[in-house]
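**Student:**
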Amino acid sequence: MESVIYMYRLSFLMLLLFTISARAEIAVILNSGDASVSLVDTTTYQEIKRFPVGKEPHHLMATPDDRELIVANAASNDLVFLDPLTGEILRRIPRISDPYQIAYSPDRKWFVSASNRLDRIDIYHAADFKLAARIEAPKTPSHIAFTRDSALTFVTLQESDEIVAIDLKTHTIQWRHKVGRQPAGIWMTPDEKHLLVAITGEDYVEVIDWRKRESVQKIRTGKGAHNFQAMGDGRRLLLSNRMENTVSILDMQSLKVMETFRVPGGPDDMELTRDGKELWVTSRWTKQVQVVDMDSKKIKHSIPVGRSPHGIYFLSHAPRH
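To convert, note that position 313 of the sequence shown is 312 in numbering that gives the first Met the number 0; the numbers rise steadily by one, no gaps.
1) Quick one: is Gln45 buried, meaning 16 or more other Cβ sit within 10 Å of its Cβ, or exposed?
2) Pick from Asp160, Phe50, Asp106: whose alpha carbon is nearest that of Thr85?
3) Give a yes or no on whether the C-beta atoms belonging to Ile198 and Ala224 are separated by under 8 Å.
4) Secondary structure at Tyr99, three-state DSSP: helix, strand or coil?
5) Does DSSP put Trp186 in a helix, a strand or coil?
6) Which partner residues of Gln289 appear in the DSSP bridge assignment?
7) When burial is assigned at 16 or more other CB atoms within 10 Å of the CB, is Glu161 buried or exposed?
8) Spell out a yes or no on whether the region 114–122 and the region 83–101 are touching, meaning 3 or more CB-CB pairs, one atom from each, closer than 8 Å.
9) Taking the alpha-carbon positions, what's the Phe260 to His142 distance?
10) Taking 8 Å as the threshold (C-beta atoms), are Gln228 and Met269 in contact?
11) Please report the straight-line C-alpha distance between Thr272 and Glu258, rounded to a whole angstrom.
12) Within 10 angstroms of its Cβ, does Leu156 collect 16 or more other Cβ (buried), or is it exposed?
13) Do you know offhand how far Pro308's Cα is from Ile88's?
14) Return the CA-CA distance between Ala113 and Val196, expressed in angstroms with no decimal places.
15) Jot down the residue ranges of each uninterrupted alpha helix (DSSP H) in the region 119–170, minimum 4 residues, whole runs only, in chain order.
16) My understanding is that Ala144 touches Trp109, with C-beta atoms under 8 Å, so please give their C-beta distance in whole angstroms.
17) Could you give the residue range of the beta strand (DSSP E) that holds His320?
18) To the nearest angstrom, how far is it from the Cα of Glu201 to the Cα of Ser214?
19) Could you name the residues of the same chain whose beta carbon sits closer than 6 Å to that of Arg283, not counting the 5 residues immediately before and after it, in chain order?
20) Once DSSP output is grouped into helix, strand and coil, what is the label at Glu213?
21) When the Cα atoms are used, what is the spatial distance from Thr169 to Leu194?
22) Give the straight-line distance between the Cα atoms of Leu16 and Arg66, rounded to the nearest whole angstrom.
23) According to DSSP, which residues form a beta bridge with His176?
24) May I have the straight-line CA-CA distance separating Val204 from Leu249, to the nearest angstrom?
25) Can you pull the DSSP bridge partners for Lys255?
26) Of the choices Thr220, Gly32, Glu277, Asp190, whose alpha-carbon is the least far from that of Asp208?
27) For Lys297 and Val280, what's the separation of their Cα atoms in angstroms?
28) By the 10 Å Cβ neighbour count, where 16 or more other Cβ atoms means buried, how is Glu55 classified, buried or exposed?
29) Could you say which of Gly221, Lys192, Asn226, Phe80 lies nearest to Lys211 if we only look at CA atoms?
30) Between Pro93 and the rest of its own chain, which residues show a CB-CB distance below 8 Å, the 5 nearest in sequence each way excluded?
31) Count the other CB atoms, across all protein chains shown, that sit within 10 Å of the CB of Thr42; report buried if there are 16 or more and exposed otherwise.
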C-alpha cells in the first residue's frame, strides 16, 4: 500500500513539473505610473495581461521560498502577493506604511521596508509582518543591503546624501556616512569588504569600506548611476545609468568597469535570465521593457507595457550573487 501511495505521489509530482515547464514563463513588470502590473510572455515577448494592483507599485521581490511574489504598493500602503507562475493575486497585507523598497534579511527573520515619502525605515517580523520597529531616517530612504550575518542593514538616503547602518538586534541607527548626491542602489561585494553605492545625482559608484566608514574610491560609469543587479557568477555586477541611457558591467574584485552598452529610455531595474543570454531592463520614460542580447549587447526586443515601468521579475533569473 505504501509503495502505491509513493508511486502516486511521484507521478503527481512529475505531472506538476511537466505542467510548469510546458507553461510559458512570464515576466512581471510593475507600472508605477498607472498602478498596474504587466505580464509578458518571455518566449513571444508579448504582453499577455495587464491588471490593477495598487497605487504606485515600485519594487517587488520573491518570498524566500520563491512561492510568492511580493509587490510593494507605496501609495496604497499595502503588499500584494502574486503567484510567480501565473501572476494571479493570492493575498494582500494592508497597513504596510509607504513600502517603496523592500527586502528580507538573509536569516529571514526581518522584513525591511524603506518608506520613501515618510522618511523612515520600518522593520517587520518576517513570519507575520507585524511591525517590530519604526526608525526615523530623513531624508528619503531608498535602497537596502545587508551583511551576510544579518547583523546590519544599510539604507541609502536620497535627499540627505547619506547611507545609514542599522543594527538589526537593537533596531537603532549605528552610524551615518555622507556620500555623493542622491544615492540610490546599494550592493555588498561578495567578500563583504565594500559597499557599492550608485550615485544617481552624479555619474559614479562610490566604494565604501563600511567597517572603517570611509569612502575609498569612485568608479565612473555614466550619468544617473542608479541600480544594481547581479550576473550570477559572484564577480560581475550590472549597473543601470538612467540619465546616460546605458548599462555598465562592473568587476567587483578589481572595482573597475568592464563594459558599457546602450539601453534607451531611462534604464532602471533589471533581470538577467538564468543562462545569462538576455537582460530585461525597464525603461522608465518610454513605457517599454528592453530585452538585450548579452552576446551582442544589442536590443533584440522593445516590449510596450504600462506607464513608468519600474520593478521587474521572472522566476528563471540568474543567481543573486
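Beta carbons are placed, not taken as given, at the ideal position from N, Cα and C, and that holds for glycine.
**Tutor:** Taking the structure as given:
1) As a first step, residue 45 must be located in the sequence shown, where it is residue number 46. Under this definition Gln45 is an exposed residue.
2) One-based indexing of the sequence shown puts residue 85 at position 86. Out of Asp160, Phe50, Asp106, Phe50 has the C-alpha closest to the C-alpha of Thr85.
3) Counting from 1 along the sequence shown, the entry for residue 198 is found at position 199. Counting from 1 along the sequence shown, the entry for residue 224 is found at position 225. In this structure, Ala224 lies closer than 8 Å to Ile198 by Cβ.
4) Here residue 99 refers to the residue found at position 100 when the sequence shown is read from its first residue. In the structure shown, Tyr99 sits in coil (DSSP, three-state: anything other than H, G, I, E or B).
5) On the sequence shown, position 187 is the one that residue 186 refers to. If DSSP states are grouped into helix, strand and coil, Trp186 belongs with the strands.
6) As a position in the sequence shown, residue 289 is number 290, starting the count at 1. Residue pairing by DSSP places Gln289 opposite Val280, Ser301 in a beta bridge.
7) Along the sequence shown, one-based indexing puts residue 161 at 162. In the assembly as shown, Glu161 is a buried residue. Its beta-carbon has 16 or more other beta-carbons within 10 Å.
8) Contact holds between the region 114–122 and the region 83–101, because three or more Cβ pairs, one in each stretch, are under 8 Å apart.
9) Here residue 260 corresponds to residue number 261 of the sequence shown, with the count starting at 1. Here residue 142 corresponds to residue number 143 of the sequence shown, with the count starting at 1. Between Phe260 and His142, the C-alpha separation is close to 24 Å.
10) Locating residue 269 in the sequence shown gives position 270, counting from the first residue. Locating residue 228 in the sequence shown gives position 229, counting from the first residue. Yes, they are a contact pair.
11) As a position in the sequence shown, residue 272 is number 273, starting the count at 1. As a position in the sequence shown, residue 258 is number 259, starting the count at 1. Looking at the two C-alpha atoms, the distance is approximately 19 Å.
12) Here residue 156 is taken as the residue at index 157 of the sequence shown, counted from 1. A buried status is given to Leu156, since no fewer than 16 other beta-carbon atoms sit within 10 Å of its beta-carbon.
13) Within the sequence shown, the letter at position 309 stands for residue 308. Within the sequence shown, the letter at position 89 stands for residue 88. Straight across, the Cα-Cα distance linking Pro308 with Ile88 is about 19 Å.
14) What you label residue 113 is simply residue 114 of the sequence shown in a count that begins at 1. What you label residue 196 is simply residue 197 of the sequence shown in a count that begins at 1. Between Ala113 and Val196, the C-alpha separation is close to 16 Å.
15) Listed in chain order, there is nothing to give.
16) Taking the first residue of the sequence shown as position 1, residue 144 is located at position 145. Taking the first residue of the sequence shown as position 1, residue 109 is located at position 110. So it is not a contact: roughly 13 Å between Cβ atoms.
17) Here residue 320 is taken as the residue at index 321 of the sequence shown, counted from 1. Per DSSP, His320 belongs to no beta strand (DSSP E) and is neither H nor E.
18) Within the sequence shown, residue 201 is the residue found at index 202, counting from 1. Within the sequence shown, residue 214 is the residue found at index 215, counting from 1. Their backbone Cα atoms lie some 16 Å apart in a straight line.
19) The residue labelled residue 283 in the question sits at position 284 within the sequence shown. In the same chain as Arg283, and ignoring 5 residues on each side of it, the C-beta atoms closer than 6 Å to its own belong to Gly265, Asp267, Ser307, in chain order.
20) The residue given as residue 213 occupies position 214 in the sequence shown. Residue state, collapsed to three classes: strand.
21) Residue numbering aside, residue 169 sits at position 170 when the sequence shown is read from its first letter. Residue numbering aside, residue 194 sits at position 195 when the sequence shown is read from its first letter. About 22 Å.
22) Working through the sequence shown from its first residue, we reach residue 16 at position 17. Working through the sequence shown from its first residue, we reach residue 66 at position 67. Here Leu16 scores only 43 on pLDDT, less than 50, and its place in the model is too uncertain to base an answer on.
23) For the purposes of this step, residue 176 is taken as the residue at position 177 of the sequence shown. Bridge pairing for His176: Ile162 [DSSP].
24) Working through the sequence shown from its first residue, we reach residue 204 at position 205. Working through the sequence shown from its first residue, we reach residue 249 at position 250. Each residue's Cα considered, the two are about 10 Å apart.
25) The sequence position of residue 255 within the sequence shown is 256, counting from 1. Its beta-bridge partners are Asp250.
26) For the purposes of this step, residue 208 is identified with residue 209 of the sequence shown, where counting begins at 1. Answer by Cα proximity: Asp190.
27) The sequence position of residue 297 within the sequence shown is 298, counting from 1. The sequence position of residue 280 within the sequence shown is 281, counting from 1. Approximately 12 Å, taken between the alpha carbons.
28) Walking along the sequence shown from the start, residue 55 turns up at place 56. The residue is buried, with at least 16 neighbouring Cβ atoms inside 10 Å.
29) For the purposes of this step, residue 211 is taken as the residue at position 212 of the sequence shown. Of the candidates Gly221, Lys192, Asn226, Phe80, the one whose C-alpha sits nearest the C-alpha of Lys211 is Lys192.
30) The residue labelled residue 93 in the question sits at position 94 within the sequence shown. In chain order, Asn76, Asp77 place their CB closer than 8 Å to the CB of Pro93, counting only its own chain and leaving out the 5 sequence neighbours on each side.
31) On the sequence shown, residue 42 is found 43 positions in, with the first residue counted as 1. Burial call: exposed.
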